[in-house]
Amino acid sequence: MSTDERSLAARRMDAIGTSAHYDRRLAPYDIAASQAHVTMLHKQGIVPADAAAELHRGLDLLKERIETGADPLDPTAEDVHTAIEQYLETQIGADAGWLGTARARNDLAVTALRLWIRDQVGALTGKVLALTEALAAQAEQHSATVMPGFSHLQIAQPVTFGHVCLAYAETFLRDAERLRFVLALQDESPMGSAALAGTGFPIDRESVARSLGFDRPTANSLESVGDRGFALDFLAAGTSLALDLSRFGAEIVFWSSQPIGLVSLPDELVSSSAALPHKRNPDAAELIRGKSGRVLGNLHTLQTVVKGLPLSYFRDLQEDKEPLFDTADTLVLVLDAAISIATLTRPNVDAMRAASDLSFVTSGDLADWLTRERKIPFREAHHLVTKLVRLAEEHRLSLGELSLELRGGVDERLAFSEWPDITVDASVASRDSQGGTAPSRVLEAAAQLRSKLAEFTARAADR
Numbered sequence: 008m009s010t011d012e013r014s015l016a017a018r019r020m021d022a023i024g025t026s027a028h029y030d031r032r033l034a035p036y037d038i039a040a041s042q043a044h045v046t047m048l049h050k051q052g053i054v055p056a057d058a059a060a061e062l063h064r065g066l067d068l069l070k071e072r073i074e075t076g077a078d079p080l081d082p083t084a085e086d087v088h089t090a091i092e093q094y095l096e097t098q099i100g101a102d103a104g105w106l107g108t109a110r111a112r113n114d115l116a117v118t119a120l121r122l123w124i125r126d127q128v129g130a131l132t133g134k135v136l137a138l139t140e141a142l143a144a145q146a147e148q149h150s151a152t153v154m155p156g157f158s159h160l161q162i163a164q165p166v167t168f169g170h171v172c173l174a175y176a177e178t179f180l181r182d183a184e185r186l187r188f189v190l191a192l193q194d195e196s197p198m199g200s201a202a203l204a205g206t207g208f209p210i211d212r213e214s215v216a217r218s219l220g221f222d223r224p225t226a227n228s229l230e231s232v233g234d235r236g237f238a239l240d241f242l243a244a245g246t247s248l249a250l251d252l253s254r255f256g257a258e259i260v261f262w263s264s265q266p267i268g269l270v271s272l273p274d275e276l277v278s279s280s281a282a283l284p285h286k287r288n289p290d291a292a293e294l295i296r297g298k299s300g301r302v303l304g305n306l307h308t309l310q311t312v313v314k315g316l317p318l319s320y321f322r323d324l325q326e327d328k329e330p331l332f333d334t335a336d337t338l339v340l341v342l343d344a345a346i347s348i349a350t351l352t353r354p355n356v357d358a359m360r361a362a363s364d365l366s367f368v369t370s371g372d373l374a375d376w377l378t379r380e381r382k383i384p385f386r387e388a389h390h391l392v393t394k395l396v397r398l399a400e401e402h403r404l405s406l407g408e409l410s411l412e413l414r415g416g417v418d419e420r421l422a423f424s425e426w427p428d429i430t431v432d433a434s435v436a437s438r439d440s441q442g443g444t445a446p447s448r449v450l451e452a453a454a455q456l457r458s459k460l461a462e463f464t465a466r467a468a469d470r
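Each residue of the sequence shown is one higher than the one before, counting from 8 in our numbering.
Right, here's the structure in full:
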């Protein structure tokens, strides 16, 4: 092999193998893990006091420079961990060599990643709770605002806008619970696992774990350095959240479309058409829907990377970071847009009422009434009302306008004088079961949701 060929191969290896230009966002977490490690090494008598002091000085200086925007790390280094060691060598000289004692990049990298995920979970959970709060506020304001409830995108039953808002609020609160479960599963420190077999130095893994805010050290060094289950957990929870946000975005697109027009979006969240100036395109909602694909793809990417990997560390795992970073960044954008939509969207009350007053929307209520008041078994009642709907369509009447004679022609059990004319408002008010759409139940559920939000926030603060 010629010198030119070797030089080309080296450049190609640098191109495929270098990650410091994007994993540098892990630098603060590498620094935190390194500082906890150095403190422990000194306490255990492994690193001299003067070397430990120099290491802390160098790490503190690096932390300060990164926080002030003067990141000095070499973007061409193999990864952020190598870049930090190189920086320390330039700042404190030979004492930088003590930093690698009783550890390896394997346990350091996975610890930094766990710390980063913990921060992302906290930030994302805060935004999910803010979205849930905005939906709860809409529910309280519109507990009695009647709108059509859809099934198969066909008008099915009248509900309230508040009831629909609470449906999404409950969905997103469950997403917050999933994120919190990610923290519980990953609450272990890999530091001290070293390359894969642990270390012969008399380290104190418990103290490092506590210093970094973990509940305990990991139980097995070999499993620790190659484990990316915690990263998959984060991506899985993020994917569930993204899919729920996508459904929310799709709902907003549908509601705001013409001629549906059930809600109005603020100008800041829509765009006009380049060719058709009358249009108001729901761009924010469409992007919320569309960006879910990126998050779903990131989960699939990491699943494919780790599929079939034996124990311990492999270079394949360098590919764990970009899917994680992109998921966190995408969810922040989408959640911020969703919060604005939930806060600023206004229901078109008249359009909602008009859509809810369509003929036969209370046919299900009539079947219920026949079962409750006339003791007709529900399946029979449902069948009879289906026939009545067809009869009313034929005569261009509402169900309440059908005469005794016409009804009796369908079934003699329907030939009685006190025939109900069930209104949309009566239908909504009758759905008074727990979790139902009756306004009183919506307000009750909103209060319960706020209690759950307060409890969730208190538990997060106690952690």
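Ideal Cβ positions, reconstructed from N, Cα and C, are used throughout, including at glycine. If you're wondering where the values come from, they're calculated on a predicted model, not measured in any experiment.
Legend entry - C-beta atoms of S231 and P197 nearer than 8 Å: Residue mapping note: residue 231 aligns to position 224 of the sequence shown, counting from 1. Residue mapping note: residue 197 aligns to position 190 of the sequence shown, counting from 1. Yes, they are a contact pair.
Inset, instruction - Could you please give the first and the last residue of the uninterrupted alpha helix (DSSP H) stretch that includes M198? - result: Position 191 of the sequence shown, counting from 1, holds the residue named residue 198. Per DSSP, M198 belongs to no alpha helix (DSSP H) and is neither H nor E.
Legend entry - Helix, strand or coil at I162 according to DSSP, with G and I counted as helix: Counting from 1 along the sequence shown, the entry for residue 162 is found at position 155. Three-state DSSP puts I162 in a strand.
Inset, instruction - My understanding is that E239 touches L309, with C-beta atoms under 8 Å, so please give their C-beta distance in whole angstroms. - result: Position 232 of the sequence shown, counting from 1, holds the residue named residue 239. Position 302 of the sequence shown, counting from 1, holds the residue named residue 309. According to the sequence as given, residue 239 is Leu; it is not Glu. Right, their Cβ atoms sit about 6 Å apart.
Inset, instruction - List the DSSP bridge partners of S278. - result: The residue labelled residue 278 in the question sits at position 271 within the sequence shown. Answer is N288.
Inset, instruction - Can you say whether R18 is buried or exposed, counting buried as having 16 or more other CB atoms within 10 angstroms of its CB? - result: Taking the sequence shown and counting its residues from 1, the one referred to as residue 18 is at position 11. Classification for R18: exposed.
Inset, instruction - Have a look at the DSSP bridge pairing and note the partners of F385. - result: The residue labelled residue 385 in the question sits at position 378 within the sequence shown. Under the DSSP definition of a beta bridge, F385 lacks any partner.
Legend entry - Whole runs of the alpha helix (DSSP H) within the segment 333-367, excluding any shorter than 4 residues: Runs of the alpha helix (DSSP H) inside the segment 333-367: 356-363.
Legend entry - Top-ranked residue by Cα proximity to D343, from A358, G205, T132 and S228: To locate residue 343, count along the sequence shown from 1; it is residue 336. Cα-wise, what sits closest to D343 is T132.
Legend entry - Backbone CA spacing between E118 and E213 [nearest angstrom]: Numbered from 1 along the sequence shown, position 111 holds the residue referred to as residue 118. Numbered from 1 along the sequence shown, position 206 holds the residue referred to as residue 213. One point to set straight first is that residue 118 is Thr, not Glu, in the sequence displayed. One C-alpha to the other measures close to 14 Å.
Legend entry - CB-CB length for I124 against F241, believed under 8 Å: In the sequence shown, counting from the first residue as 1, residue 124 sits at position 117. In the sequence shown, counting from the first residue as 1, residue 241 sits at position 234. Right, their Cβ atoms sit about 5 Å apart.
Inset, instruction - Compare the C-alpha of S264 against each of L160, A226 and D234 and name the closest. - result: The count along the sequence shown starts at 1 and reaches residue 264 at position 257. Residue L160 is the option with its Cα nearest to S264.
Inset, instruction - List the endpoints of the continuous alpha helix (DSSP H) containing Q98. - result: Looking up residue 98 in the sequence shown gives position 91. Here the alpha helix (DSSP H) through Q98 covers V87 to I99.
Inset, instruction - Take the Cβ of S447 as the centre, count every other Cβ of all protein chains shown within 10 Å, and call the residue buried at 16 or more, exposed below. - result: The residue given as residue 447 occupies position 440 in the sequence shown. Looking at its Cβ environment, which holds fewer than 16 other Cβ atoms inside 10 Å, S447 is exposed.
Inset, instruction - Examine the Cβ distances between the segment 363-375 and the segment 424-442 and report whether three or more of them are shorter than 8 Å. - result: yes
Inset, instruction - State whether the segment 22-37 contacts the segment 67-87, with contact taken as three or more CB pairs (one from each stretch) at a distance under 8 Å. - result: yes
Inset, instruction - Just tell me which of E326, S299 and F237 has its CA closest to the CA of T337. - result: As a first step, residue 337 is located in the sequence shown; it is residue number 330 there, counting from the start. Closest option to T337, Cα to Cα, is S299.
Legend entry - With 16 other Cβ atoms within 10 Å as the buried cut-off, status of T10: Your numbering for residue 10 matches position 3 in the sequence shown. That one is exposed.
Legend entry - F168 - DSSP class collapsed to helix/strand/coil: Residue mapping note: residue 168 aligns to position 161 of the sequence shown, counting from 1. Three-state DSSP puts F168 in a helix.
Inset, instruction - Determine the direct distance from the alpha carbon of T246 to that of S363, and round the result to whole angstroms. - result: As a first step, residue 363 must be located in the sequence shown, where it is residue number 356. As a first step, residue 246 must be located in the sequence shown, where it is residue number 239. C-alpha separation (whole angstroms): 34 Å.
Inset, instruction - Starting from L248, trace the alpha helix (DSSP H) both ways and give me its first and last residue. - result: Translated into positions along the sequence shown, residue 248 becomes position 241. L248 -> alpha helix (DSSP H) spans G236 to S263.
Inset, instruction - Measure how close the beta-carbons of Q193 and C172 come, nearest whole angstrom, since I'm counting them as under 8 Å. - result: As a working note, residue 193 is residue 186 in the sequence shown. As a working note, residue 172 is residue 165 in the sequence shown. Not really, about 33 Å apart at Cβ, beyond 8 Å.
Legend entry - Sufficient close CB pairs (3 or more, under 8 Å) joining the segment 214-234 to the segment 311-325: yes
Inset, instruction - Could you tell me which of A226, K286, S253 and V270 sits nearest to R296, measuring between CA atoms? - result: Locating residue 296 in the sequence shown gives position 289, where the first residue counts as 1. Of the candidates A226, K286, S253 and V270, the one whose C-alpha sits nearest the C-alpha of R296 is S253.
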